[in-house]
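Peer 1:
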Amino acid sequence: MAKLPKTIASKYIYNGKIFNLRRDEILHFGKRAAREIVEHPGGAAVLAARDGFVYLVRQYRHPYRRYILEVPAGKVEKGEAPRETALRELAEETGIIAAGLEEAGTIYPSPGYTDEVIHLFYTDNFTATPESRPDSDEFLEAAKYPVAEVYNLVDAGKITDAKTLVLLYMYRSRLLE
1148 MAKLPKTIAS
1158 KYIYNGKIFN
1168 LRRDEILHFG
1178 KRAAREIVEH
1188 PGGAAVLAAR
1198 DGFVYLVRQY
1208 RHPYRRYILE
1218 VPAGKVEKGE
1228 APRETALREL
1238 AEETGIIAAG
1248 LEEAGTIYPS
1258 PGYTDEVIHL
1268 FYTDNFTATP
1278 ESRPDSDEFL
1288 EAAKYPVAEV
1298 YNLVDAGKIT
1308 DAKTLVLLYM
1318 YRSRLLE
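Going by this note's numbering, the letters in the sequence shown line up with residues 1148 to 1324, in that order.
#1: What does the alpha-carbon distance come out to for the pair residue 1247 and residue 1193?
#2: What number of angstroms, rounded off, separates the C-alpha of residue 1264 from the C-alpha of residue 1177?
#3: Between the alpha carbons of residue 1266 and residue 1233, how many angstroms are there, rounded?
#4: Got a sec? Which residues, its chain only, sit under 6 angstroms from residue 1197 by beta carbon, not counting five neighbours each side?
#5: Contact defined as beta carbons within less than 8 angstroms: I believe residue 1189 pairs with residue 1223. What is the distance between those atoms, to the nearest angstrom?
#6: Relative to the C-alpha of residue 1241, which candidate in 1162, 1156, 1276 has its C-alpha closest?
#7: Where does residue 1328 fall in DSSP's three states?
#8: Go to residue 1227, then tell me how far its alpha helix (DSSP H) extends in each direction, as first and last residue.
#9: Excluding the 5 residues flanking residue 1293 on each side, which residues of the same chain have their C-beta closer than 7 angstroms to its C-beta?
#10: Since residue 1169 and residue 1186 are thought to touch, with beta carbons under 8 angstroms apart, how far apart are those beta carbons, to the nearest angstrom?
#11: Per DSSP, residue 1167 forms a beta bridge with which residues?
#12: Less than 7 angstroms between C-beta atoms, sequence neighbours within five positions excluded: which residues of the same chain meet that for residue 1278?
#13: Opposite residue 1193 in the DSSP bridges: which residues?
#14: What residue range is occupied by the uninterrupted alpha helix (DSSP H) comprising residue 1300?
#15: Which word fits residue 1308, buried or exposed, when buried means at least 16 other C-beta atoms lie within 10 angstroms of its C-beta?
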């Protein structure tokens, strides 16, 4: 096992509502280096799929100035377990009330600069209600898509969100078993 660098100094540069930015000075085998880290509370994402359909949201993502097709997901709130986040976000964004979730794993979306971890879940045990209730600052629309159409969009490069791609590839593996 490789020896881990030692953190010799840390300073917060920014403290925000969603994330903090910290600058660390590290020492590794006598060499100093600086690292800027985005501290994020983490997120949860859930793929709801049943009867040949997948439920996705088309959500406006301001850093890219476009709408992105993705699975329902959101930030883990203080005191909330990732499973609770997944259930809450699924209901808010799609109107789906899940009776249960299956853990699919965790991913590190950008390990070069953030400590964010996204917890992944599946559900095929749910009740679809007619209306989503997104947060007031979210711009999204939910819809169900035939599985074949979703994978055509993946293959055509039209679905680009990392957490969504991971869940869809994992789901495709399950379908092929």
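Backbone N, C-alpha and C fix where the C-beta goes; we use that ideal spot for every residue, glycine too.
Peer 2: To lay it out plainly:
#1: 11 angstroms
#2: 30 angstroms
#3: 8 angstroms
#4: 1271
#5: 5 angstroms
#6: 1276
#7: No answer is possible for residue 1328: it lies beyond the span of the chain, which begins at 1148 and ends at 1324.
#8: Looking at the DSSP string, residue 1227 is not in any alpha helix (DSSP H), and its letter there is neither H nor E.
#9: 1199, 1200
#10: 6 angstroms
#11: 1162, 1186
#12: 1242
#13: 1268
#14: 1294–1302
#15: buried
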